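Novice: Sharing a structure with you now.
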Amino acid sequence: MSATRLLVLGVVRMYGKAHGYQVRRELQTWSADKWANIQPGSIYHALKKMTTEGLLEQVETEQGGSGPERVAYRITETGEAEFQILIAQALARPSATGFELPAALVLLTTQPRQRLIGLLKQQLIRLEGDEESSRLLLEEGTSWGHPAHVTELYRLWQRTAEARASWLRELIERLRAGEYVLADDSDHAFGEPGGAE
Numbered sequence: 001m002s003a004t005r006l007l008v009l010g011v012v013r014m015y016g017k018a019h020g021y022q023v024r025r026e027l028q029t030w031s032a033d034k035w036a037n038i039q040p041g042s043i044y045h046a047l048k049k050m051t052t053e054g055l056l057e058q059v060e061t062e063q064g065g066s067g068p069e070r071v072a073y074r075i076t077e078t079g080e081a082e083f084q085i086l087i088a089q090a091l092a093r094p095s096a097t098g099f100e101l102p103a104a105l106v107l108l109t110t111q112p113r114q115r116l117i118g119l120l121k122q123q124l125i126r127l128e129g130d131e132e133s134s135r136l137l138l139e140e141g142t143s144w145g146h147p148a149h150v151t152e153l154y155r156l157w158q159r160t161a162e163a164r165a166s167w168l169r170e171l172i173e174r175l176r177a178g179e180y181v182l183a184d185d186s187d188h189a190f191g192e193p194g195g196a197e
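Residue numbers (the UniProt record's numbering): 1 to 197.
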């Protein structure tokens with residue numbers, strides 16, 4: 001899964017319609033170039049590619065002042081389905097790159113509360129499994145022929161899983177307590193289709 005894809009769909013969805021510069025500017029205000037490694041060129045590439053795939057559609061072209069014309073995009077029904085799949089995957093399972101969960105977190109208000117909690121609980125179960133695997137590696141790894149210093153890697157894995165699981169438990173509790181305005185709490189939640197217009 002691509003964090004860029006999720007974020008671009010999310011921003012276009014949020015605005016109702018948006019041109020590339022708007023998407024880029026919004027993601028820059030979130031510092032996505034730093035924590036998700038999103039570069040301006042990848043935003044424009046994603047817009048074009050997702051238009052070709054039918055996830056976005058061009059809705060208008062406007063003159064950009066003294067600059068080139070700007071093409072505005074809107075999310076399609078297929079794009080909405082893709083957005084929901086991508087955010088669910090990012091919330092429910094740890095990713096290889098580590099960019100997907102932060103991308104989903106900035107868009108978490110697009111989800112109904114119970115769905116969001118359920119997806120995060122799935123990720124928590126996986127993290128608890130990672131904690132247990134790391135614990136077993138620490139206890140048994142050297143007897144399996146691993147050099148003793150490799151246990152530092154297992155300690156890192158264990159501490160990382162522990163910290164992430166602890167944070168996730170706290171987030172789930174905050175959500176259960178009603179923190180944040182989510183998709184089913186208001187007609188104007190951040191990240192809802194057209195909510196930023």
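Each residue gets a CB set at the ideal place from its N, CA and C atoms; glycine is no exception.
Values in this document were obtained by computation on a predicted structure and should not be read as measured data.
#1: Quick check: the stretch 101 to 115 against the stretch 146 to 161, are at least 3 beta-carbon pairs closer than 8 angstroms?
#2: Are the stretch 4 to 17 and the stretch 42 to 51 touching, with three or more C-beta to C-beta distances below 8 angstroms?
#3: Does the beta-carbon of T4 have 16 or more other beta-carbons within 10 angstroms, so that it is buried, or is it exposed?
#4: According to the Cβ coordinates, are S134 and A163 closer than 9 angstroms?
#5: Taking the alpha-carbon positions, what's the Y180 to A81 distance?
#6: Quick check: what's the CA-CA separation for A177 versus E131?
#7: Given R76, which residues of its chain have a CB within under 7 angstroms of its CB, disregarding the five upstream and five downstream residues?
#8: In angstroms, rounded to a whole number, what distance separates the CA positions of residue 218 and W35?
#9: Exposed or buried, G20, counting other C-beta atoms within 10 Å across all chains shown (16 or more means buried)?
#10: Under the three-state reduction of DSSP, which class applies to T76: helix, strand or coil?
#11: Going along the chain, which residues of its own chain have a beta-carbon closer than 6 angstroms to the beta-carbon of R25, five neighbours each way excluded?
#12: Between L116 and Y154, what straight-line distance do the alpha-carbon atoms span, to the nearest angstrom?
#13: Are A92 and Q123 close, meaning C-beta to C-beta below 9 angstroms?
#14: Taking the straight line between their C-alpha atoms, what separation do you get for V59 and V23?
Specialist: Reading off the structure:
#1: Taking a cut-off of 8 angstroms for Cβ pairs, the stretch 146 to 161 and the stretch 101 to 115 do not touch, as fewer than three such pairs fall below it.
#2: Proximity of the stretch 4 to 17 to the stretch 42 to 51 meets the contact definition, three or more beta-carbon pairs being nearer than 8 angstroms.
#3: Locating residue 4 in the sequence shown gives position 4, counting from the first residue. Under this definition T4 is a buried residue.
#4: In the sequence shown, residue 134 corresponds to position 134, counting from 1. In the sequence shown, residue 163 corresponds to position 163, counting from 1. The Cβ-Cβ distance between S134 and A163 does not fall below 9 angstroms.
#5: For the purposes of this step, residue 180 is taken as residue 180 along the sequence shown, with counting starting at 1. For the purposes of this step, residue 81 is taken as residue 81 along the sequence shown, with counting starting at 1. The C-alpha of Y180 lies about 24 angstroms from the C-alpha of A81.
#6: For the purposes of this step, residue 177 is taken as the residue at position 177 of the sequence shown. For the purposes of this step, residue 131 is taken as the residue at position 131 of the sequence shown. The straight-line gap from Cα to Cα measures roughly 26 angstroms.
#7: In the sequence shown, the residue the question calls residue 76 occupies position 76. According to the sequence displayed, residue 76 carries Thr and not Arg. Same-chain partners within the cutoff: G54, L55, L56, E57.
#8: For the chain, the structure presents residues 1 to 197; residue 218 sits outside this window and is missing.
#9: Counted from its first residue, the sequence shown places residue 20 at position 20. In this structure G20 is buried. Its beta-carbon is surrounded by 16 or more other beta-carbon atoms within 10 angstroms.
#10: On the sequence shown, residue 76 is found 76 positions in, with the first residue counted as 1. Correct three-state label for T76: coil.
#11: Reading the sequence shown from its first residue, position 25 is the one you call residue 25. Residues of the same chain with a CB within less than 6 angstroms of the CB of R25, apart from the 5 flanking positions on each side, do not exist.
#12: Sequence index remark: in the sequence shown, residue 116 carries index 116 (1-based). Sequence index remark: in the sequence shown, residue 154 carries index 154 (1-based). Counting only the Cα atoms, Y154 lies some 30 angstroms from L116.
#13: For the purposes of this step, residue 92 is identified with residue 92 of the sequence shown, where counting begins at 1. For the purposes of this step, residue 123 is identified with residue 123 of the sequence shown, where counting begins at 1. Yes, Cβ-Cβ distance for A92 and Q123 is below 9 angstroms.
#14: Position 59 of the sequence shown, counted from the start, is the residue given in the question as residue 59. Position 23 of the sequence shown, counted from the start, is the residue given in the question as residue 23. Roughly 15 angstroms between the two C-alpha positions.
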